[in-house]
Every structure is written in C-alpha cells, then in structure tokens.
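Chemist: Below are the structure tokens for one structure; questions will follow.
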Amino acid sequence: MQAMQIRKLTPRFGAEIIGVDLSKPISDQLFREIEAVFNDNGVVLFRGQHLTEDQHIDFSKRFGPLEIHVRKDALMKHRPEVFVVSNVYEDGKPIGSVDAGQFWHTDLSYKKIPSRGSLLLAREVPMRDGKALGDTLFCSTIAAFEGLPRDLQQKLESLSATHHYEKGYNRDRPSGKRKPLTPEQMAALPDVVHPIVRKHPFTGKPCLFVNEGYVTEIVGMPRDESEALLDRLFKHCLKDEFIYRHNWRVGDLLMWDNCSTQHNAAGNYEPTMRRRMDRTTLTGTAVA
Ligand code: OGA
Ligand code: MN
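In terms of my numbering, the sequence shown opens at residue 804 and continues consecutively.
So this is what it looks like as structure tokens:
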C-alpha cells in the first residue's frame, strides 16, 4: 500500500504528491485521494515517474475517457490518446506539435464540452549549464476571479464568450506558419460559447474561464469594448500571486485542471535542444 505526502507548490494552488509510484498498482482508495488533491489544487506534480506509454494512458484513464485531438499529425502512432509536444524530428518530420501552447490557454476550451484536465509527462528536457529550460507557467483562474473587484465579478457573471481553436492555431510562432486547418478539422470545430465565469464541475468554485489563446469575443458586446475588457482580464491573470512556474525534470508527470487553471509554455530554449513531452487529455462534462 502506497502512502502519499503533499507539498504545496504555491500558497494559492498547486501541489506535489510525494511517495507515489504511478507504475505500481494504485488502489481505489489511493486514487480517490489523488483525485481529491487534483480537484482542490488544480495542478498536481508527481516526480520521478518513468512510465511506459501504456502506463501513462492507463493512469490517465482512471479519471475517465480520454480525448483524441483533432491534430492527427501530433498524435503518437498506434496510441492516438497521446498528443506529443516535441521539437524532435524523425525522418525529416516532426514527431509531434513543435511549439504547442506557447501562449496563455486552457486545452480544448474551444470544444462544446471542454477537457477536464491534461497529464503531461516529461521525456526529454532541454538543459543549459545544468539548468532546465522550457518551463511551463500556470495561472489559477479561481484566484484570478477572486482577485477582481466585486462589481466586475458581478458584471462578468452574466456574460459569455466565444472560443475558437483557429485563433491559437494560426497565431504567429517562432517556427513560422502552420498548415491551414483542413475543411474537415474546421467542420469539427465550430465556434462555441461558454460563460465567462464557469462553476468548477467538481468543487463548484467560480473560475475565470476566458483565455487569450482561444477566446475571440464577448457575446453581444461592441467589438472595441469586448477587446478592452478581454485585454484587461488577460493582463489581470498574469499577477505573480496567481502564477506557478514549473521547471521540468525528466520523469515529471504534471497534471492540470482545464477549468481552474490556464497555462503557457515559456519556450525559452533553442530549436536545436531536444524537448519531448507526452500529453493525455481528459474528456470533460457539459459546462453548467
Ligand atoms: C500542452 C501544453 C506546454 C508545454 O501540452 O497542452 O500547452 O510546456 N504544453 O509543453
Ligand atoms: Mn496546452
């Protein structure tokens, strides 16, 4: 029987679980404890997890069914549940998405049923002078919402925003323009509208559910007003007190909640330095 300890990553959110080896059997009781830590903390870190691809998938499936991403080119061969984030090339082709997530976003917020969470396993981490590069930043959308003035919180509670995948997909990025999305991909990705203040599906806490990566506009608001308000909210999320910055080690399994957090890949490494991360993505439940 494995026993776990918990270390907070920041005062407001995030926790490391120590003493659990995810390659070993996880009892239902232990799993329930892990799930509770995840729901309460939004980001959960397990270090030293040298998992096979199937072990990564199997642990992820304990939380429920997994997503198969629309970017088929970034999925692992024979294991489409794994979305590969990597700048590594094999046979002249990238093995995954070369520069995924280098902007503030939550995974799959552009779906009618957004993802519950993602589990990213670090397989290769770029290093310089003994220090790991390619950090990932997280923002607590619960802390961010709590940090807004009451009158603005109330105004936001009655508003919704439109999300679209193409906004993040087509943005400028160091590796240049991506292939346009195919008509099939676009058809699978209609505009979706979600409340700006989303009740967390497990804790009921209010989360600020707008992200710079995929949100295009506030519904029913003049364009300039919508842009100004979104811009204010995106900037507000960047306050130090809402942020956790993760410095990766090979074998880190980091999981995050796609309602109570947003994330951004810092991308501060050279294209010649290898980085490879494997992601599984949990399906979610309808937005209340
Ligand atoms: C992701 C993502 C960030 C990173 O996998 O969803 O945004 O640092 N990755 O690789
Ligand atoms: Mn992401």
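Don't be surprised by glycine CBs; every beta carbon is placed ideally from N, CA and C.
1) Closest to residue 816 by CA distance: which of 1038, 943, 1061 is it?
2) Run the proximity test for residue 903: is its beta-carbon closer than 7 Å to any non-hydrogen atom belonging to the ligand OGA?
3) Any heavy atom of the ligand OGA closer than 7 Å to the CB of residue 910?
4) Across the stretch 837-851 and the stretch 872-890, are there enough close Cβ pairs to call them in contact, namely three or more that are closer than 8 Å?
5) Determine the contact status of residue 829 and residue 865, defining contact as a CB-CB distance below 8 Å.
6) So is the beta-carbon of residue 1080 under 7 Å away from any non-hydrogen atom of the ligand OGA?
7) Which residue from 1010, 1033, 1011, 878 puts its Cα closest to that of residue 1019?
8) Buried or exposed: which applies to residue 1071, given that a residue is buried once 16 or more other Cβ atoms fall within 10 Å of its Cβ?
9) At a cut-off of 7 Å, is residue 923 close to the ligand OGA when judged by its beta-carbon and the heavy atoms of the ligand?
10) With DSSP run on the structure shown, which of helix, strand or coil describes residue 795?
11) Let me know the secondary structure DSSP gives residue 986 once reduced to three states.
12) List the endpoints of the continuous beta strand (DSSP E) containing residue 818.
13) Roughly how many angstroms lie between the CA atoms of residue 898 and residue 961, to the nearest whole one?
14) Counting Cβ pairs, one atom from each stretch, are 3 or more of them under 8 Å apart for the stretch 949-967 and the stretch 918-936?
15) Please work out which residues of its chain come closer than 6 Å, Cβ to Cβ, to residue 1040, disregarding the five sequence neighbours upstream and downstream, and give them in chain order.
Modeler: Per the coordinate set shown:
1) Here the closest residue by C-alpha is 943.
2) It does: the Cβ of residue 903 is within 7 Å (strictly closer) of some heavy atom of the ligand OGA.
3) For residue 910, the Cβ falls inside the 7 Å cut-off from some heavy atom of the ligand OGA.
4) No, they do not touch.
5) It is a contact, given that the beta carbons lie within the stated cut-off.
6) Answer for residue 1080: yes, Cβ within range of the ligand OGA.
7) It is 1033 whose Cα lies nearest to the Cα of residue 1019.
8) Answer is exposed; the Cβ neighbour count stays below 16.
9) For residue 923, the Cβ falls inside the 7 Å cut-off from some heavy atom of the ligand OGA.
10) Residue numbering for the chain in the displayed model covers 804 to 1091; residue 795 lies beyond these limits and cannot be assessed.
11) In the structure shown, residue 986 sits in a helix (DSSP, three-state: H, G or I).
12) In the DSSP annotation of this structure, the continuous segment of the beta strand (DSSP E) that includes residue 818 starts and ends at 818-821.
13) Going by the C-alpha atoms only, they are around 43 Å apart.
14) Verdict: no, contact absent.
15) These residues qualify, in order along the chain: 942, 947.
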